[in-house]
Amino acid sequence: MIERHYMSETPSASVANGAHLLNQIRQTWSIEAFDSKNAQQEEAQLMIKVGVVGYGVIGLRLATGVSLQKDMELIGVADVGPTLTIRALGERGMPYDFYLAKPENRPQVERAGIPISGTLEDLVQKCDIILDATSAGVGARNKDVYVRHGKPAVFQGGESGDVADVFFHGYANYGQGVGQQFLKLTSCNTTGLIRAVDCIDREVGVKNVVLTIVRRVADPGDYHRGLTNALKVDSVPSHQATDLMLIMPHVKATGVLVHTPVTHGHFISVNIKPKKQMSKDEVLKAFHRHPRIRIVRIEDGFQGNAAIFRYARDLASPHSDLYSIFVFEETVTIFEGNIIFGFHVPQEAVVIPETIDAVRAALRMQEIPAEGVGMTNKYLNLSQV
Ligand SMILES: NC(=O)c1ccc[n+]([C@@H]2O[C@H](COP(=O)([O-])OP(=O)(O)OC[C@H]3O[C@@H](n4cnc5c(N)ncnc54)[C@H](O)[C@@H]3O)[C@@H](O)[C@H]2O)c1
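Numbers in our numbering are just positions in the sequence shown, counted from 1, shifted up by 25.
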C-alpha cells in the first residue's frame with residue numbers, strides 16, 4: 026500500500042479550513058475583508074463568489090457544478106453574445122445573471138431578450154474567483170482583466186501552459202494548487218486518465234502506462250467540425266486479441282475496442298513487449314521490408330484515416346482499395362523496451378491478400394509459405410514502397 030491517501034477531513038474541519046482558506050484568499054487577493062459578526066453572517070461569508078467566463082460546452086457545466094456547491098455562489102456567467110447556450114439560459118428564466126464580454130454586441134443580446142447584468146469587468150469585480158472556459162487562447166487574453174482586479178482564475182485545457190502558475194489535477198497534485206492565483210486544468214482526456222492512474226497509483230504504485238485513445242472529434246452541436254455522434258465500447262478482451270492468440274498461441278494479448286462513427290478504416294494502437302530489444306530504426310526497417318505494411322508520415326499529410334482514404338482515391342486503385350496496413354511513422358516508439366505504434370487498417374481491402382493466400386494453401390498451389398504469399402503479393406502488385 027502506497028503511503029498516499031485521499032483527503033479525509035471531518036465536515037467540521039472542512040468548514041473551519043474553508044473559513045480560514047477564504048479568509049486567506051480574500052486577504053491574498055485584496056478581496057473584501059472577512060468579517061464574522063455572528064454565526065449566520067459567518068456562514069454567508071463562507072459562500073465563495075464564483076464567476077464563469079465563457080458559457081459554452083464546459084462553461085455551462087461549470088455553472089451547474091458551482092450552483093450545486095453549498096459553499097459557493099454563482100455570481101453570473103459571461104459570454105460574447107446571444108449564443109444558443111445563452112438563449113437557452115434566457116428560455117430557462119435566467120437562473121444565473123448574464124454579463125456581456127463584448128459590449129458592441131449589446132443590440133443582438135437585447136433583441137434576443139436576454140437581460141444584461143453588466144460587463145466582464147463588472148463580473149470579475151464581484152467574484153472571489155473566475156472559472157475561465159472561453160474558447161482556447163481567449164483565456165490568456167482575459168487574464169489581463171483578472172490580473173488587473175487581483176482575482177484568482179482557473180483556466181481550461183485549451184489554454185497554453187504558461188497562462189497559469191500550476192497545471193492542476195484535483196487528485197494528483199492538489200497541494201501544488203493551494204494558494205496559487207492562476208491554475209490550469211488538464212484536458213478532458215488527461216483529467217480522466219490521471220484520475221484512473223492516480224487511483225491505481227494509490228493502491229499499488231504505477232511503473233508505466235500504455236494507452237489507446239480513440240478520441241471523439243467534436244462535441245454535440247459542433248457543426249463546424251462535421252456531423253458526428255456516439256462511440257461504443259466493447260468489453261475486454263476484444264475478439265481481435267483472443268483471435269490473435271488462437272492464430273499465434275505463443276503470444277499473450279488483450280485489448281480494448283472502441284467503435285467510432287467513421288467509415289474509412291480502423292486505427293489500432295499497439296504496445297508489444299518483445300522477447301529481445303529492438304531499436305526504433307530496426308522496427309521501422311522490419312515494417313518497411315514487409316510487402317503488406319506501409320509506413321506513412323503525419324508530416325507528409327497522412328494525418329489519419331481520411332487522408333489515407335483520399336490518397337487511395339487519388340491513386341485510382343480499383344474501388345479505391347489499399348491492401349496494406351499503414352503505420353504512422355511518428356507513432357513508432359520504444360518505451361521501456363516495449364514497442365509502440367499506431368496504424369490504419371483499410372477494413373474493406375485488408376483481408377483480400379490473406380484470403381488469396383488461403384486459396385493457395387488450401388489448394389497446395391504453393392506449399393512453401395514464402396512462395397504462396399509472394400505470389401499473392403506479386404499479382405496484387407504489393408511490394409515495398
Ligand atoms: N469541449 C470539451 O469536451 C472540453 C473538455 C475539456 C476541456 N475543454 C476546454 O475548455 C475550454 C472551452 O471549451 P468548450 O468546448 O467549452 O468551448 P465552447 O466553444 O463550447 O465554449 C467557449 C465559449 O466561450 C465564449 N467566448 C469566446 N470568447 C469569449 C470572451 N472573450 N469572453 C467571454 N466568452 C467568450 C464563446 O462564445 C463560447 O460560448 C477550452 O479550453 C477547451 O480546450 C473542452
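By construction, the Cβ of each residue, glycine as well, lies at the ideal position given by its N, Cα and C atoms.
Exposed unless 16 or more other CB atoms sit within 10 angstroms - verdict on residue 107:
Locating residue 107 in the sequence shown gives position 82, counting from the first residue. The residue is buried, with at least 16 neighbouring Cβ atoms inside 10 Å.
For residue 244, which residues of its own chain have a beta-carbon under 7 angstroms away from its beta-carbon, when the five flanking residues on both sides are left out?
Locating residue 244 in the sequence shown gives position 219, where the first residue counts as 1. Contacts found: 82.
Please tell me whether residue 369 and residue 246 are closer than 7 angstroms, where the distance is taken between their beta carbons.
For the purposes of this step, residue 369 is taken as residue 344 along the sequence shown, with counting starting at 1. For the purposes of this step, residue 246 is taken as residue 221 along the sequence shown, with counting starting at 1. Cβ atoms of residue 369 and residue 246: not closer than 7 angstroms.
Is it buried or exposed, residue 63, if we count other Cβ atoms within 10 angstroms and call 16 or more buried?
By 1-based counting over the sequence shown, the position of residue 63 is 38. Because the pLDDT of residue 63 is 47, which lies under 50, any placement of that residue in the model is unreliable, and the number read from its coordinates should be weighed accordingly. Its Cβ having fewer than 16 others within 10 Å, residue 63 is exposed.
Backbone CA spacing between residue 170 and residue 337 [nearest angstrom]:
For the purposes of this step, residue 170 is taken as the residue at position 145 of the sequence shown. For the purposes of this step, residue 337 is taken as the residue at position 312 of the sequence shown. Taking the straight line joining both Cα atoms gives about 51 angstroms.
Inter-residue Cα distance where the pair is residue 217 and residue 393
For the purposes of this step, residue 217 is identified with residue 192 of the sequence shown, where counting begins at 1. For the purposes of this step, residue 393 is identified with residue 368 of the sequence shown, where counting begins at 1. So the alpha carbons of these two residues sit roughly 50 angstroms apart.
Could you check if residue 193 is buried or exposed, using at least 16 other CB atoms within 10 Å of its CB as the buried criterion?
Numbered from 1 along the sequence shown, position 168 holds the residue referred to as residue 193. A residue is called buried once 16 or more other Cβ atoms fall within 10 Å of its Cβ, and residue 193 is buried on that count.
Does ligand 1 have a heavy atom nearer than 6 angstroms to the CB of residue 103?
Here residue 103 corresponds to residue number 78 of the sequence shown, with the count starting at 1. Answer for residue 103: yes, Cβ within range of ligand 1.
Measuring only the C-alpha atoms, how far is residue 181 from residue 156?
Sequence index remark: in the sequence shown, residue 181 carries index 156 (1-based). Sequence index remark: in the sequence shown, residue 156 carries index 131 (1-based). For residue 181 and residue 156, the distance between alpha carbons rounds to 8 angstroms.
Can you grab the Cα-Cα spacing for the pair residue 51 / residue 100, in whole Å?
Within the sequence shown, the letter at position 26 stands for residue 51. Within the sequence shown, the letter at position 75 stands for residue 100. Per-residue confidence for residue 51 stands at a pLDDT of 47, beneath the threshold of 50, marking its modelled position as unreliable; the derived number appears in the next sentence. Taking the straight line from one Cα to the other gives about 16 angstroms.
Per DSSP, what kind of secondary structure is residue 72 in: helix, strand or coil?
Numbered from its first residue, the sequence shown carries residue 72 at position 47. DSSP places residue 72 in coil when its eight states are reduced to three.
For my contact list, residue 207 and residue 165 are in at a C-beta cut-off of 8 angstroms; report their separation, rounded to the angstrom.
As a first step, residue 207 is located in the sequence shown; it is residue number 182 there, counting from the start. As a first step, residue 165 is located in the sequence shown; it is residue number 140 there, counting from the start. That pair is no contact at about 10 angstroms.
Residue 109 versus residue 116: straight-line alpha-carbon distance, rounded
As a position in the sequence shown, residue 109 is number 84, starting the count at 1. As a position in the sequence shown, residue 116 is number 91, starting the count at 1. Distance between the alpha carbons of residue 109 and residue 116 is about 10 angstroms.
Restricting to Cα atoms, I'd like to know which of 280, 347 and 303 is closest to residue 361.
The residue labelled residue 361 in the question sits at position 336 within the sequence shown. Measuring from the Cα of residue 361, the nearest candidate turns out to be 303.
Report all residues from its chain with a CB closer than 8 angstroms to the CB of residue 76; omit the five preceding and five following residues, and keep chain order.
Position 51 of the sequence shown, counted from the start, is the residue given in the question as residue 76. Close CB contacts of residue 76 within its chain, under the 8 angstroms cut and outside five residues either way in sequence, are with 99, 100, 101, 102, 103, 124, 148, 149, 151, 152, 154, 155 and 156 (chain order).
Under 6 angstroms: does the beta carbon of residue 201 sit that close to some heavy atom of ligand 1?
As a working note, residue 201 is residue 176 in the sequence shown. No, Cβ of residue 201 sits at least 6 angstroms from all heavy atoms of ligand 1.
Specify, as a first and last residue, the run of the alpha helix (DSSP H) that residue 314 falls within.
Reading the sequence shown from its first residue, position 289 is the one you call residue 314. Where residue 314 is concerned, the enclosing alpha helix (DSSP H) stretches over 305 to 314.
Go ahead and label residue 322 buried or exposed: buried means 16 or more other beta carbons lie within 10 angstroms of its beta carbon, across all protein chains shown.
Along the sequence shown, read from residue 1 onward, the residue named residue 322 stands at position 297. That one is exposed.
Using a Cβ-Cβ cut-off of 8 angstroms (strictly less than) and excluding sequence neighbours within five positions of residue 317, which residues of its own chain qualify?
As a first step, residue 317 is located in the sequence shown; it is residue number 292 there, counting from the start. Excluding residues within five positions, the ones whose Cβ falls inside 8 angstroms are 348, 349, 350, 378, 402 and 407.
Quick check: the Cα distance between residue 238 and residue 260, rounded to an integer number of angstroms?
Counted from its first residue, the sequence shown places residue 238 at position 213. Counted from its first residue, the sequence shown places residue 260 at position 235. So the two alpha carbons sit approximately 15 angstroms from each other.
Quick one: give me the first and last residue of the alpha helix (DSSP H) that residue 393 is part of.
Taking the sequence shown and counting its residues from 1, the one referred to as residue 393 is at position 368. Element bounds for residue 393: n/a, residue is neither H nor E.
Quick one: is residue 202 buried, meaning 16 or more other Cβ sit within 10 Å of its Cβ, or exposed?
By one-based count along the sequence shown, residue 202 stands at place 177. Under this definition residue 202 is a buried residue.
Reduced DSSP category for residue 222 - H, G, I as helix; E, B as strand; rest coil
Position 197 of the sequence shown, counted from the first residue, corresponds to residue 222. The answer is helix: DSSP assigns residue 222 an H, G or I state.
To the nearest angstrom, how far is it from the Cα of residue 213 to the Cα of residue 380?
Counting from one through the sequence shown, the residue named residue 213 turns up at place 188. Counting from one through the sequence shown, the residue named residue 380 turns up at place 355. In a straight line, the C-alpha of residue 213 is about 42 angstroms away from that of residue 380.
Using 8 angstroms as the Cβ pair cut-off and three pairs as the minimum, do the region 276 to 293 and the region 250 to 257 touch?
The way I'd put it, the region 276 to 293 does touch the region 250 to 257; three or more beta-carbon pairs between them come closer than 8 angstroms.
Nearest residue (CA-CA) to residue 367, options 295, 258 and 305
Residue numbering aside, residue 367 sits at position 342 when the sequence shown is read from its first letter. Ranking the options by Cα distance to residue 367, first place goes to 295.
Which residues DSSP lists as bridging residue 292, in chain order
Numbered from 1 along the sequence shown, position 267 holds the residue referred to as residue 292. BP columns for residue 292 point to 369.
In whole angstroms, what is the alpha-carbon distance linking residue 228 and residue 330?
Here residue 228 corresponds to residue number 203 of the sequence shown, with the count starting at 1. Here residue 330 corresponds to residue number 305 of the sequence shown, with the count starting at 1. Taking the straight line from one Cα to the other gives about 38 angstroms.
Which term fits residue 325, buried or exposed, when burial requires 16 or more other beta carbons within 10 angstroms of its beta carbon?
Looking up residue 325 in the sequence shown gives position 300. Classification for residue 325: exposed.
Around the Cβ of residue 184, are there at least 16 other Cβ atoms within 10 angstroms (buried) or fewer (exposed)?
Within the sequence shown, residue 184 is the residue found at index 159, counting from 1. Under this definition residue 184 is a buried residue.
In whole angstroms, what separates the C-alpha of residue 111 from that of residue 211?
The residue you call residue 111 lines up with position 86 of the sequence shown. The residue you call residue 211 lines up with position 186 of the sequence shown. Residue 111 and residue 211 have their C-alpha atoms spaced approximately 26 angstroms apart.
Residue environment, residue 404, which counts as buried when at least 16 other CB atoms sit within 10 Å:
The sequence position of residue 404 within the sequence shown is 379, counting from 1. Within a 10 Å sphere around the beta-carbon of residue 404 sit fewer than 16 other beta-carbons, which makes this residue exposed.
Among 205, 242, 240 and 198, the one whose alpha carbon lies nearest that of residue 5
Outside the modelled stretch of the chain, which goes from 26 to 410, sits residue 5, for which no answer is possible.
Once you ignore the five residues that flank residue 141 on each side, which residues in its own chain have a CB closer than 8 angstroms to its CB?
Translated into the one-based positions of the sequence shown, residue 141 becomes position 116. 123, 124, 125, 131, 134 and 135.
Which residues in the same chain have their Cβ closer than 8 angstroms to the Cβ of residue 191, if we skip the five residues on either side of it in sequence?
The residue labelled residue 191 in the question sits at position 166 within the sequence shown. Contacts found: 198, 201, 202, 205, 207, 208 and 209.
Just the Cα atoms here: how many angstroms apart are residue 299 and residue 96?
The residue labelled residue 299 in the question sits at position 274 within the sequence shown. The residue labelled residue 96 in the question sits at position 71 within the sequence shown. Each residue's Cα considered, the two are about 53 angstroms apart.
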